[in-house]
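Asker:
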Amino acid sequence: MPPSPALLRERVCTWFADAARDLPWRAPDRTPWGVLVSEVMLQQTPVVRVEPVWREWMDRWPRPADLAAAATADVLRAWGRLGYPRRALRLQDCARAITDLHDGEVPQGFDELLALPGVGAYTAGAVTAFAFGRRAVVLDTNVRRVLARALDGDALPHPHQTVGEVRRAEAVVPGDDAEAAGWAAASMELGALVCTARSPRCGECPVADLCVWRLAGFPADEHAARRRTQAWAGTDRQCRGRVMAALRAADGPVPREAIGWPDAAQLDRALAALVEDHLAEQTAEGYVLPR
DNA sequence: CAAGCGTGGCA
DNA sequence: TTGCCAAGCTT
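The first sequence begins at 305 in the working numbering and counts up by one.
(1) Reducing DSSP to helix, strand and coil, say where V379 ends up.
(2) Give me the DSSP bridge partner(s) of V558.
(3) Can you give me the Cβ contacts of P594 inside the same chain, cut-off strictly under 8 Å, excluding the 5 residues immediately before and after it?
(4) When the Cα of A399 is compared with those of W383, G429, P366, A425, which residue comes out closest?
(5) Count the C-beta pairs between the region 345–358 and the region 320–337 that are closer than 8 Å, then say yes if the count reaches three, no if not.
(6) In three-state terms, what does DSSP make of Q570?
(7) Any chance you could list the beta strand (DSSP E) runs of at least 3 consecutive residues sitting entirely within the region 494–522, in chain order?
(8) Whose CA, out of L551, A562, L346, lies closest to the CA of V592?
(9) Taking W487 as the reference, which of A374, L460, R438, G590 has the closest Cα?
(10) Taking the C-alpha atoms as reference points, what is the distance between A473 and L443?
(11) Taking one C-beta from the region 493–500 and one from the region 425–433 each time, how about it: are there three or more such pairs within less than 8 Å?
(12) From L519, F414, D370, pick the residue whose C-alpha is nearest to that of L395; which is it?
(13) Grouping DSSP H, G and I as helix and E and B as strand, with all else coil, what is Q586?
(14) Go to M305, then tell me how far its alpha helix (DSSP H) extends in each direction, as first and last residue.
(15) Whole angstroms are fine: how far does the CA of A489 sit from the CA of G387?
(16) Could you tell me which of G468, A392, V410, A553 sits nearest to L346, measuring between CA atoms?
(17) Taking L417 as part of the alpha helix (DSSP H), name the residues at either end of that continuous run.
(18) Mind checking which residues open and close the alpha helix (DSSP H) that includes L455?
(19) For W565 and Q348, I'd like the C-alpha separation in whole angstroms.
(20) For E508 versus V498, is the C-beta spacing smaller than 8 Å?
(21) Mind checking E343: buried by the 16 CB within 10 Å criterion, or exposed?
(22) Could you name the residues of the same chain whose beta carbon sits closer than 6 Å to that of R313, not counting the 5 residues immediately before and after it, in chain order?
(23) Mapping the DSSP letters down to three states, classify D581 as helix, strand or coil.
(24) Would a C-beta distance cut-off of 8 Å place V579 and I563 closer than the cut-off?
(25) Could you have a look at D326 and say whether DSSP puts it in helix, strand or coil?
(26) A440 and A484 - do their beta-carbons sit closer together than 8 Å?
(27) For T587, I'd like the list of residues in its chain whose CB is within less than 8 Å of its CB, leaving aside the five on either flank, ordered along the chain.
(28) Which term fits W350, buried or exposed, when burial requires 16 or more other beta carbons within 10 angstroms of its beta carbon?
(29) Whose C-beta lies closer than 7 Å to the C-beta of V455 among residues of the same chain, with five residues either side of it excluded?
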């Protein structure tokens, strides 16, 4: 029998009151824009790498209109090595949409948030809960894992999020706005700090005695064999990363030959794709970050 | 809708 | 060492 949602919530939220990390986008003086920036930066990127970049961004571009007016090359350089630099482009597009369509204020409606560039279901829910303190389903990789273990007895959630999973997660969210926002933050934090993917710290877990996965003796992941592994060495993705690093580091145009990638055809494909993605521009002297 | 998209740290 | 994983989104 899985634990009742009410008991699960109470335990996790009580634990969170004491265990919550002191992150800058949780500070009392945070803005909705700061929360949105943090959520985009945190997509597939660990907190420790995001924090210094977030601080620099918020000092430099404290409002959406500031980022909207920035040079894209500066934005991409400030993004640094967070990875997935197209997120930086979308964040600037997002700032421009907020400036042009919402009077420079982050919209509070879920559908309006969802319509912003780079904002999907998770991020729209996270901003709703964390920036505006309103009820939302916030189902990220941490919460998915917590629910899979505590309620379903599975080691890990399914490789792809299902409709049924969202419905189940929705059923666990309290009705009250403040309580729902608290549950979102607390359940994510539990997944990030205790109920981790690799080696969970069940000794520190507030719901260890209720967890179906633990009570079942930690059965292994059924989908382990089907999870695709990320190839890396020699991939287009690595090549793109190498190009972007070279463009960020350069003051002027970078000749194609100066990038230092062994496979010329692959380099050309990557360059063309980066230009197509508006992450680079070609000039007579070489490639540059977009203005 | 499955695939593509960066990067670095850790078990 | 190397595969796995990290607050996903877009097409």
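C-beta atoms are modelled at their ideal positions from N, C-alpha and C, and glycine is treated no differently.
Answerer: The structure says:
(1) Along the first sequence, read from residue 1 onward, the residue named residue 379 stands at position 75. Here V379 carries a helix assignment [DSSP, helix/strand/coil].
(2) One-based indexing of the first sequence puts residue 558 at position 254. DSSP links V558 through a beta bridge to Y591.
(3) Numbered from its first residue, the first sequence carries residue 594 at position 290. Around P594, the same chain offers T376, A377, L380, H582, L583, A584, E585 as residues with beta carbons nearer than 8 Å, after the five sequence neighbours per side are excluded.
(4) The count along the first sequence starts at 1 and reaches residue 399 at position 95. Nearest in C-alpha terms to A399, of all of W383, G429, P366, A425, is P366.
(5) Contact holds: three or more Cβ-Cβ distances are below 8 Å.
(6) Residue numbering aside, residue 570 sits at position 266 when the first sequence is read from its first letter. In the three-state DSSP reduction, Q570 falls in the helix class (H, G or I).
(7) If you keep only unbroken beta strand (DSSP E) runs of at least 3 residues inside the region 494–522, you get nothing at all.
(8) One-based indexing of the first sequence puts residue 592 at position 288. For the residues L551, A562, L346, the minimum Cα distance to V592 belongs to L551.
(9) As a position in the first sequence, residue 487 is number 183, starting the count at 1. With distances taken between Cα atoms, W487 lies closest to R438.
(10) Counting from 1 along the first sequence, the entry for residue 473 is found at position 169. Counting from 1 along the first sequence, the entry for residue 443 is found at position 139. Their backbone Cα atoms lie some 7 Å apart in a straight line.
(11) The region 493–500 makes no contact with the region 425–433, as fewer than three CB pairs between them are under 8 Å.
(12) Along the first sequence, read from residue 1 onward, the residue named residue 395 stands at position 91. Of L519, F414, D370, the residue nearest in Cα terms is D370.
(13) As a position in the first sequence, residue 586 is number 282, starting the count at 1. Strand.
(14) Sequence index remark: in the first sequence, residue 305 carries index 1 (1-based). Note, M305: premise wrong, no alpha helix (DSSP H); not H, not E.
(15) By one-based count along the first sequence, residue 387 stands at place 83. By one-based count along the first sequence, residue 489 stands at place 185. It is roughly 24 Å from the alpha-carbon of G387 to the alpha-carbon of A489.
(16) Taking the first residue of the first sequence as 1, we reach residue 346 at position 42. Nearest of G468, A392, V410, A553 to L346, Cα basis: A392.
(17) Here residue 417 is taken as the residue at index 113 of the first sequence, counted from 1. L417 -> alpha helix (DSSP H) spans 414–418.
(18) As a working note, residue 455 is residue 151 in the first sequence. From DSSP, L455 is part of no alpha helix (DSSP H); its letter is neither H nor E.
(19) Residue 565 sits at position 261 when you count from the first residue of the first sequence. Residue 348 sits at position 44 when you count from the first residue of the first sequence. Taking the straight line joining both Cα atoms gives about 26 Å.
(20) On the first sequence, residue 508 is found 204 positions in, with the first residue counted as 1. On the first sequence, residue 498 is found 194 positions in, with the first residue counted as 1. Judged by beta-carbon spacing, V498 lies within the 8 Å limit of E508, meaning their Cβ atoms are closer than that value.
(21) Locating residue 343 in the first sequence gives position 39, counting from the first residue. By the neighbour-count definition (other C-beta atoms within 10 Å, threshold 16), E343 is a buried residue.
(22) Within the first sequence, the letter at position 9 stands for residue 313. Cβ within range, chain order: W487.
(23) If you number the first sequence from 1, residue 581 lands on position 277. Looking at D581 - three-state DSSP - the assignment turns out to be coil, as it is neither helix nor strand.
(24) In the first sequence, the residue the question calls residue 579 occupies position 275. In the first sequence, the residue the question calls residue 563 occupies position 259. No. Outside cutoff.
(25) Within the first sequence, residue 326 is the residue found at index 22, counting from 1. Residue state, collapsed to three classes: coil.
(26) One-based indexing of the first sequence puts residue 484 at position 180. One-based indexing of the first sequence puts residue 440 at position 136. For A484 and A440, yes; Cβs fall inside 8 Å.
(27) In the first sequence, residue 587 corresponds to position 283, counting from 1. These residues qualify, in order along the chain: P557.
(28) Here residue 350 refers to the residue found at position 46 of the first sequence. Reading the sequence as shown, one finds Pro at residue 350 and not Trp. Under this definition P350 is an exposed residue.
(29) The sequence position of residue 455 within the first sequence is 151, counting from 1. A small fix is needed here, since residue 455 is Leu in this sequence, not Val. These residues qualify, in order along the chain: P306, V516.
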